[in-house]
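To keep things clear, I will list the structure first and then write my remarks on it.
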Amino acid sequence: MKNVSKKIAAVALSLMMLFIAACSQASAPAASTSPSSSPSPSEEAGVGEASPEAGKELPKVAFVYIGVPGDGGWTYEHDKGRQMVEDTFGIKATVVENVPEGPDAERVFEELARENDIIFGTSFGYMDAMVNVAGKYPDVKFMHATGYKTLPNLATYQGKGYQPGYLAGLAAGKLTKNNKIGYVGAFPIPEVIYTINAFTLAAQSVNPDVEVSVIWSNTWFDPATERQAAITLLDQGVDVLANYQDSPAGIQAAQERGVWGMGNDSDMNRYAPETYVTNPVLNWGPYYVEVIQDLIDGVWESHSYYGGLKESMVDLAPFGKNVPQEVQELVNSAKTDILEEKLQVFAGPVYDQAGELKVAEGDYLKQEDILMMDYFVKGIKGTIPK
Amino acid sequence: MDFYSYLIIASISSGTPLLFAVLGGILSERSGVIFLGTEGTMLIGAVVSCLTFAGTGSMLLSVLASLAAAGGIGLAHAFLCVTLRANQIVSGLALTLFGTGLSAYLGKPVAGAALAVTVPRLSMPWLEKIPFAGAIFSNLDVFIWISFGLVAVLYLYIYKTSWGLHLRAIGDSPATSDAMGLRVGLTRYLHVIGGAMLMGLAGCYLIMVYSPNWMEGMTSGRGWIAIALIILAAWNPLYALGGAYLFGGLDALGFRLQLMEIGIPSYFLKMLPYLVTIVVLMIVGWRGRHVPSPEPKSLGSAYVREQRS
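Residue numbers (UniProt numbering), protein chains in the order written: chain A, 1 to 386; chain B, 1 to 309.
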């Protein structure tokens, strides 16, 4: 038995590699039908006309989540939309949680496609899996959040996250004392990049010397890693910390240091009430109800939908209790300007990190150009991995 | 504080769960039982402490509950490997799979919900006056001080007491120890259970300090790194301290290098701890190819009285 340690080493190593390969697939996602005992009628305001019509068969609806509804952020908001759909039409949706972006996702979508009429995939990384499965099941409708590929039966939808991102940046630019702002980004994809750009441009508009340091966590939802990334920025002395992440781990770390914190996706006030500023929030419910209603009426068509502040798909969370009144007023007036289209988020001149002019003075970026942003604007410290 | 003190604090903080798990593994393996269930045991410890804290709000109870639950896993491993003489590697792997699945199931109700937990920091005015190191010491929480204490206690126990001598004897030659009148089975039971409890404490630390939200599979491979670290540390608690902080440091350094804009892809930095594990195991294996291995000689084999091994 002299070589046992080598054997253990071999076993441990191969397991570790297996683990890395499997990464977040540590446990197979369990399909479950969501409980019906969680209606919240107050959220239905404004969609009263979308009631089920007699004689028409109600569609079978499925949702695929990247995380869990308990994340208090991204998936939580999608799940609120799911509840609104269930309450409005009196149906029960199938929910699959914790589906990793990768080969597993395709299998999950394929299984759901056999049973359902419409499937919502709520993460960017499901794109290719959904494209593949949508090709095989032309009668099933696929709804992909935040993607850019469409098919006759695959539509995409997305919030104009740069609008509330801009508003959050205004608050950050006003609040910072040492002009050092930190930003934890999940993945270097357009959705995150243009939100960070909008945030930075806004902060610079009220505070030209501001510097935004960006770290990539390479995860949507992993509180331990998000926290580690946040602490790295806090150690650098940032006094406002924004997080493009699904969990509130970053703003919790910020509160421990008495630093202003901003989350994403959902009102995260309750996780760090003392130092919470605000953050972009998403509101999917009304859109989900509309899509299902179109399906019931037989008028569903493939589309790429971008909902902004105006369509109330995106908004800004209520301010934290310690945010000064003047900051709140500044942000609110900018919000009105965006709503009235007096203010364009990516109005020129916009320079990239190398100082190259990207948007000329007097011009502004259109929706389709915003989606193609693959550069950071001047004033951001950090790199986009190529 | 400067860059280096922050880096050291972050390294210690992310190395501490590893350290608890490695110390647990050393205890178990010193008695001759391989414990590959580390990952699952850590997850059980984490989920149980999270559930207990969500239910009671008491940190002490959460720690005790995670110790008890992880001890239960250890008991199962000891029963399988010592009493039933099952293959230790298979039993350990089974427990990891079991722990991963069970923790995901138990954790459903608290998944993602953030706990309002603050772990007290020990205030030691005389320590904080030391230049440089003082700033670091004043930033360490109670668990880290416990881990320092454990390293010292386990080192003294294994190398400086007669009980530790007996433990090492049992790990090297259970037949001889049995003939001496030592109780091989009982010793193995106790050390496997104690080791598992430390792994549970590692999981508890993840929840209480590192990230106060339960998430499926939140150990993200730390249990396997801990198993590799046991070999790297040559079954010595003091070396385990260094090894754990080396890996914690790599973990903490990853994000810091991103900020320096030196153009290393973040994916590479994320891979670094695993790469270093492979390299270190290669170096240790190569250098040790002519000298006797420090590993307990009976590691991995069940002891059957009066059977030739």
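A virtual CB, placed ideally from N, CA and C, is assigned to each residue, including glycine.
{"Check": "Go ahead and label Y274(B) buried or exposed: buried means 16 or more other beta carbons lie within 10 angstroms of its beta carbon, across all protein chains shown.", "Outcome": "buried"}
{"Check": "Give the residues of chain B in contact with I215(A), contact being defined as C-beta atoms less than 7 angstroms apart.", "Outcome": "F255, Q258 and L259"}
{"Check": "Taking the DSSP output, what are the residues bridged to D222(A)?", "Outcome": "For D222(A), which the question treats as bridged, DSSP gives no partner whatsoever."}
{"Check": "Tell me whether I66(A) sits in a helix, a strand or coil according to DSSP, three-state version.", "Outcome": "coil"}
{"Check": "Hey, L106(B) and V47(B): beta-carbon distance below 8 angstroms or not?", "Outcome": "yes"}
{"Check": "Are the Cβ atoms of A10(B) and I193(B) separated by less than 8 angstroms?", "Outcome": "no"}
{"Check": "Does the region 187–207 of chain A come close enough to the region 252–259 of chain A that 3 or more CB-CB pairs lie under 8 angstroms?", "Outcome": "no"}
{"Check": "Is I130(B) buried or exposed, if buried means 16 or more other CB atoms sit within 10 Å of its CB?", "Outcome": "exposed"}
{"Check": "Near A86(B), which residues of its chain fall below 6 angstroms by C-beta distance, leaving aside the five closest residues on each side in sequence?", "Outcome": "L80"}
{"Check": "Anything in the region 101–127 of chain B with a Cβ closer than 7 angstroms to a Cβ of chain E? List those residues in chain order, please.", "Outcome": "Structure shown: chain E not included; protein chains present are A and B."}
{"Check": "Check distances from the C-beta atoms of the region 206–229 of chain B to those of chain A and list, in chain order, the residues that come in under 8 angstroms.", "Outcome": "L206, Y210, S211, P212, N213, M215, E216, G217, M218, S220, G221, W224, I225, I227 and A228"}
{"Check": "Looking at C-alpha atoms only, which residue of I278(B), M271(B) and D141(B) is the closest neighbour of L232(B)?", "Outcome": "I278(B)"}
{"Check": "Between Y305(A) and the rest of its own chain, which residues show a CB-CB distance below 6 angstroms, the 5 nearest in sequence each way excluded?", "Outcome": "Y157"}
{"Check": "Just checking: is the beta-carbon of K270(B) within a distance shorter than 8 angstroms of some beta-carbon in chain A?", "Outcome": "yes"}
{"Check": "Tell me which residue opens and which closes the beta strand (DSSP E) that S304(A) is part of.", "Outcome": "S304 to G307"}
{"Check": "Below 8 angstroms on the Cβ atoms is my contact criterion, and I expect S247(A) with N213(B) to pass it. Report the Cβ-Cβ distance as a whole number of Å.", "Outcome": "6 angstroms"}
{"Check": "I need the DSSP call for G57(B), collapsed to helix, strand or coil.", "Outcome": "coil"}
{"Check": "If I measure Cβ to Cβ from L97(B) and keep anything under 8 angstroms in the same chain, skipping five residues before and after, which residues do I get?", "Outcome": "G40"}
{"Check": "Can you tell me the Cα-Cα spacing of L259(B) and I215(A), whole angstroms?", "Outcome": "7 angstroms"}
{"Check": "Give a yes or no on whether 8 angstroms exceeds the smallest Cβ distance from G261(A) to chain B.", "Outcome": "no"}
{"Check": "Looking only at C-alpha atoms, which of D79(A), K92(A), D104(A) and A134(A) sits nearest to T122(A)?", "Outcome": "D79(A)"}
{"Check": "Counting only C-beta atoms, is N98(A) closer than 8 angstroms to chain B at any point?", "Outcome": "yes"}
{"Check": "By how many angstroms is the C-alpha of A111(B) removed from the C-alpha of G72(A)?", "Outcome": "10 angstroms"}
{"Check": "Please classify A116(B) as buried or exposed, where buried requires at least 16 other C-beta atoms within 10 Å of its C-beta.", "Outcome": "exposed"}
{"Check": "Given this structure, state the Cα-to-Cα distance separating Q204(A) from P125(B), to the nearest angstrom.", "Outcome": "43 angstroms"}
{"Check": "In chain A, which residues lie with their C-beta within 8 angstroms of the C-beta of P265(B)?", "Outcome": "P385"}
{"Check": "Can you find a C-beta in chain A that's less than 8 angstroms from the C-beta of A152(B)?", "Outcome": "no"}
{"Check": "Using the Cα positions of F319(A) and I292(A), report the straight-line distance between them to the nearest angstrom.", "Outcome": "33 angstroms"}
{"Check": "Leaving out five residues before and five after I370(A) in sequence, what residues of the same chain have Cβ atoms less than 7 angstroms from its Cβ?", "Outcome": "Y162, Y194 and F346"}
{"Check": "Can you confirm whether A254(A), when its beta carbon is compared against all beta carbons of chain B, has any partner nearer than 8 angstroms?", "Outcome": "no"}
{"Check": "Runs of 4 residues minimum, wholly inside the region 195–262 of chain A: which ones carry the alpha helix (DSSP H) assignment?", "Outcome": "223–235 and 249–256"}
{"Check": "So T232(A) and I380(A) are supposed to be a Cβ contact under 8 angstroms. How far apart are they, rounded?", "Outcome": "The Cβ separation is near 16 angstroms, so there is no contact."}
{"Check": "Going by beta carbon distance, what residues of the same chain come within less than 7 angstroms of A26(A), once the five residues before and after it are set aside?", "Outcome": "Note that A26(A) scores a pLDDT of 37, beneath 50, so its modelled location is shaky and nothing firm can be said."}
{"Check": "Can you tell me whether I73(B) is buried or exposed? The criterion is at least 16 other CB atoms within 10 Å of its CB, across all chains shown.", "Outcome": "buried"}
{"Check": "Under 9 angstroms Cβ-Cβ, which residues of chain A neighbour A252(B)?", "Outcome": "Q228, I231 and T232"}
{"Check": "Buried or exposed for V304(B), going by 16 or more other Cβ atoms inside 10 Å?", "Outcome": "exposed"}
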